[in-house]
Amino acid sequence: MLVILLVAYLLSRGIRYALRRFSEKDTTGNQATLYTLSRLTHYAIIIIAIVVALSSIGLDLSKLALVAGALSVGIGFGLQSIVSNFVSGLIILFEHTLRVGDYIELDTGLTGTVKAINVRSTLINTNDNIDIVVPNSEFVTARLTNWTLGERVLRVRIPFGVAYGSDKDLVKQAAIEAAEEVAYTLTHIKRRRPDVWLVDFGDSSLNFLLTVWVNREGARRPTRTRAAYLWALETKLTEYGIEIPFPQRDLNLRSGFPPPAVAAESTED
């Protein structure tokens, strides 16, 4: 019995060592998958070894199976969330919908970079450098936005407004020049160059929309990216003498009311 367990342990250790060495050399982002495969292999080998060892000493495994079945019903309710997270972790790892290094956003508003994917939970590092442990089931049951899953570029939309009477062509020129000065902007792809649209006649402004294709670095930092474009826009619009308006209201007096001076004299009389 001890020999069987020892051989199983050494076999498991050798396989885990080989997978770990392979993971260290791997550059495709599959380290988490290899880690999970290593753990599952270890557990499978140990379980099989225990079954074989018990069988070798003449223990009736059918009776053991009945006891295990009875216990599993009661334990199953208590371990429901753990099992759910475990299965969700396997789904994530083998479907590759989530990878180490991806920038994601959950329905709860949590955004950050995937730092590690484990069997039960995933470690997310936020833009404030805070590590948050998220149960794997949340990635399967809720909507997940993966900003870096597909292509390495992303289009962002920056709305802005200018005063009525502004030269629209000059506004477009200024906005495109501002976008091209931001490091995140892709300018070498013809179909993905910055563009400007007039989208609305606002109460106090002509409302435009600047659309820009950004690189992976810009996609991973949406708040910083938006701030960079707003900064560049304000600088360039000011440089061209284009006014950025603030909310304002026009007050019109109806003709049925006397001027304030006349009303005051009538009150004194």
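Numbered continuously in this note's numbering, the sequence shown closes out at residue 714.
All C-beta atoms, glycine included, are put in the ideal place defined by N, C-alpha and C.
Could you pull the DSSP bridge partners for residue i from this structure?
i	result
residue 457	Beta-bridge pairing links residue 457 to no other residue.
residue 557	549
residue 668	Residue 668 pairs with nothing; no bridge assigned.
residue 589	551
residue 571	DSSP output for residue 571 lists no bridge partner at all.
residue 644	Bridge partners of residue 644: none, in fact.
For a quick check, are the C-beta atoms of residue i and residue j less than 9 Å apart?
i	j	result
residue 585	residue 656	no
residue 572	residue 671	no
residue 677	residue 623	yes
residue 627	residue 685	no
residue 555	residue 578	no
residue 620	residue 641	yes
residue 549	residue 559	yes
residue 581	residue 660	no
residue 566	residue 534	yes
residue 551	residue 587	yes
Residue i by DSSP, collapsed to three states: which one?
i	result
residue 502	coil
residue 594	coil
residue 602	strand
residue 566	strand
residue 631	coil
residue 543	coil
residue 485	helix
residue 696	coil
residue 493	helix
residue 686	coil
residue 466	helix
residue 622	helix
residue 691	coil
residue 637	helix
With residue i as the anchor, note down where its beta strand (DSSP E) starts and where it stops.
i	result
residue 530	No beta strand (DSSP E) contains residue 530, which is instead part of the alpha helix (DSSP H) from 525 to 540.
residue 612	Careful: residue 612 lies outside any beta strand (DSSP E) and carries neither H nor E.
residue 580	576 to 580
residue 655	651 to 659
Nearest-angstrom Cα distance between residue i and residue j?
i	j	result
residue 681	residue 612	14 Å
residue 592	residue 635	22 Å
residue 544	residue 594	8 Å
residue 687	residue 616	7 Å
residue 456	residue 489	11 Å
residue 654	residue 604	4 Å
residue 590	residue 694	40 Å
residue 697	residue 645	25 Å
residue 482	residue 536	13 Å
residue 639	residue 599	12 Å
residue 491	residue 453	6 Å
residue 690	residue 569	40 Å
residue 625	residue 614	17 Å
residue 494	residue 597	46 Å
residue 395	residue 631	It is not possible to answer for residue 395, since the shown part of the chain is limited to 446 through 714.
residue 540	residue 666	25 Å
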